[in-house]
Amino acid sequence: ADAPAQSAAAPAAHAPATGAEQAYSVQLHVHGSFSEGVGSIDSHSHEATEVGADVVWWSDHDFRITSHGHVSTFGFEDWTEAMPEDGSVVVRRGKRRRRVKELVADPAHSTARGEATFVADDPREGARSLLLRATGEGGDDGTFAAYRVALQADRGLFKRPLASEVTLELSVFAASLGPDARAFVEIAMSEHAPREGLPLAVYRVRYVLGDPDARPVREGTTFVVPLPCRPGEWNDLALPVSRDAVRGFPFIHGEDNSLGTIYLGVEARRGATAAARFDDLRIVQGISGPQVFARQRGLIDAVARDYPRLRQLQGVEVSWLGHHLNEFSVDTRLVDYDALLAGEAGAKGQERRDRITRRIVDEIHARGGLVSYNHMFGAMMEGSPARWTREEVLDELSAQRVFGADILEVGYRDRGGHALADHLWVWDELARRGLFLVGTGVSDSHGGPEQRWRTDANNFVSWIYARSPDKADLLDGLRAGRVFFGDLVLFDGTLDLTTARGARMGQIVVTDRASEELTVRLDGLAPGDEVRLLVSGVEVARWTASSPALVATQAVALDATRPTVARVEVHAADGAAKVFSNPITFVREEPAGDRLGARLVRGAR
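Under our numbering, the residue at position 447 of the sequence shown is numbered 1872, and the numbers go up by one with no gaps.
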């Protein structure tokens, strides 16, 4: 297409696009210490501040916040143990060895020669217990060598937020312990920002049996708590993990941690042999359900005071039974799954999942909220194989009308085995079929070195034009489609798309015109950036940036038979995806339904 004239004039970064609007960079999908990863409210706040984000809208999994459907016991009868058979625990669909809790050897962190066996001699509970044995090196440097195993469960269903006041109950038989031979229980918790000379790292609480004269001490990011034990008999322990996370690290918000991985081990030195048996593990919570959601809200506010430049909002990802959905509302609430299941007694499998999803969407809409349909190709992270083709996903979402959702997560460079181009294609084609969802870009980061805000492939945020970073104003911007999304590390400017007749990005224009003149406005570009105008998925114009600002105009033909979807993409000179607009969509007839009112422009003929 012919490249139209450009203008060097452009607004300053984040200046209002219309009226009192300002573009706020918002992470709309991120998980802290109330989900299954190693991220915390603190660690993500640190990373968000470091890259210059304006808002974090927290979206921890609802069932993980409340520990709904979680497991709380392990009997140590064998390496694996079945999940409860009463339907209270939902495991991943299609997984072999589905209903499993298990012990896993941890050779990467075991430094001693050791063994793990199950013995029938005098168990504390059931028929057997786990015996761990390890021998230390013969040197005299005082260093312990450890042998350990980890407790795991499908979907990470042992994990809990420590804000739920967690105590770990466990019986340990001190078979051979002493000054040079110890048993331990170690809890890997969550990451925290660099402070007190410590790096961005996972914090731990470690309980040690075998040295009665030692005192609690912090060793870097580990709080070591010595425990007395009676040799030659069972010791019934109650380990107050939440309390010790608070007292061991007074320079962080200790409840902003999860009960991550539970390690059981023995360690020895100077040629000694350590041996201990473990049995009857139970995870006890002081509070659960909505009380924990309220505790999270207070913790978000408390951590936010450490990051005054960052606005933090409580949301939720609804994700236990149905398709994964983010709720964006002023009055965010938790789903009552027991009530939902009671109303779906006759449905099973995929039918039940779909029906529950639609009911959840209806409930959120009824209280004025918006719903995002998350990771359309599945929850598998980057590098995973594809389970469905893009055509299959398009047909499924189209048939279900995306379950009534308002928003679609589009901005993933690599998710569920599909590249960004496939996400954009499905989004465009849904609009061509009359399903006009607002597109967003997100990270879905759960923390950790592989999901950093600055370096992860999926590090997109969404910029929302709004009057303020308050929930109500951001919701107005989302509802109107006043959103663009991309990589905050590569782009930190503004993007808008308008028509000569006054329509703007996000709007759905009812018109009988044969063509329309579109104007692209950008600032924050780098020399060599390629700005592309796409109409219904086909590139119709391209401009190469020579300065930070670009204003360009292009006439486009409008389809008389199907919606015409016009949007903007920006790619760096090396091809890296930088930023993407929501579209202006042109239709011949007014769409059915009442949820598009904030985006609809009638009579632009």
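Just so you know, even glycine gets a beta-carbon here, dropped at the ideal spot from N, CA and C.
Counted as a single uninterrupted DSSP element, the alpha helix (DSSP H) harbouring Val1851 occupies residues 1845-1857.
Between Arg1857 and Arg2020, the alpha-carbon positions lie close to 18 Å from each other. Residue ranges of uninterrupted alpha helix (DSSP H) with 4 or more members, entirely inside the segment 1667-1733 and ordered along the chain, are 1715-1729. Annotation: the continuous alpha helix (DSSP H) that includes Ala1897 extends over 1896-1904. One Cα belongs to Ser1683, the other to Met1801, and the distance between them is close to 28 Å. Pairing His1469 with Arg1631, the inter-Cα distance amounts to about 24 Å. The residues Glu1472, Glu1475, Val1476, Val1914, in chain order, have a CB closer than 8 Å to that of Arg1879 in the same chain once the five nearest residues on each side in sequence are set aside.
Counting C-beta pairs with one atom in each stretch, the segment 1496-1516 and the segment 1543-1551 have three or more that are closer than 8 Å, which means they touch.
Thr1919 places its beta carbon less than 8 Å from that of Ala1448.
Of all alpha-carbon atoms in Glu1942, Ala1966, Ser1823, Pro1653, the one lying nearest the alpha-carbon of Glu1854 is that of Ser1823. Listed in chain order, the beta strand (DSSP E) runs fully inside the segment 1921-1990 are 1933-1935, 1940-1948, 1955-1960, 1963-1969, 1975-1982, counting runs of at least 3 residues. Closest by C-alpha distance to Arg1929, out of Gly1953, Asn2007, Gly1673, is Asn2007. For Leu1557, the closest alpha carbon among the candidates Thr1491, Gly1622, Ala1699 is that of Ala1699. Membership of Gly1774 in the alpha helix (DSSP H) is indicated by the continuous run 1774-1791. Counting along the chain, His1617 sits inside the beta strand (DSSP E) bounded by residues 1606-1617.
The DSSP-derived three-state label of Glu1875 is helix. Going by DSSP, Arg1573 is part of no alpha helix (DSSP H) but of the beta strand (DSSP E) stretching over 1570-1578. According to the DSSP assignment, Asp1485 belongs to no alpha helix (DSSP H), since it is labelled neither H nor E.
Distance from Thr1969 to Gly1949 at the Cβ level is roughly 15 Å; contact not present, criterion being Cβ atoms closer than 8 Å. Distance between Leu1652 and Pro1604, taken at the CA atoms: about 13 Å. Annotation for His1848: Val1835, Tyr1837 place their beta carbon closer than 6 Å to its own, counting only its chain and skipping 5 residues before and after.
Looking at Val1945, Glu1506, Val1995, Ile1781, the one whose alpha-carbon comes closest to that of Val1981 is Val1945. Only residues of its own chain outside the window of five on either side were considered, and among them Glu1752, Val1796 have a CB closer than 6 Å to the CB of Ile1789, listed in chain order. Judged by DSSP in its simplified three-state form, Pro1586 adopts strand. Gly1911 counts as buried, since no fewer than 16 other beta carbons sit within 10 angstroms of its beta carbon. A straight-line Cα-Cα distance of about 25 Å links Ala1727 and Arg1892.
Pairing Ala1991 with Ile1933, the inter-Cα distance amounts to about 11 Å. As computed with DSSP, Trp1888 is found in a beta bridge with Ser1450, Phe1909. By the neighbour-count criterion, in which a residue is buried when 16 or more other Cβ atoms sit within 10 angstroms of its Cβ, Glu2014 is exposed.
The C-alpha of Thr1924 is placed about 13 Å away from the C-alpha of Arg1938. Here Ala1541 is bridged, per DSSP, to Leu1557. According to the DSSP assignment, Thr1814 belongs to no alpha helix (DSSP H), since it is labelled neither H nor E. Nearest Cα to Gly1859 within the set Asp1895, Gly1962, Ser1887, Thr1989: Thr1989.
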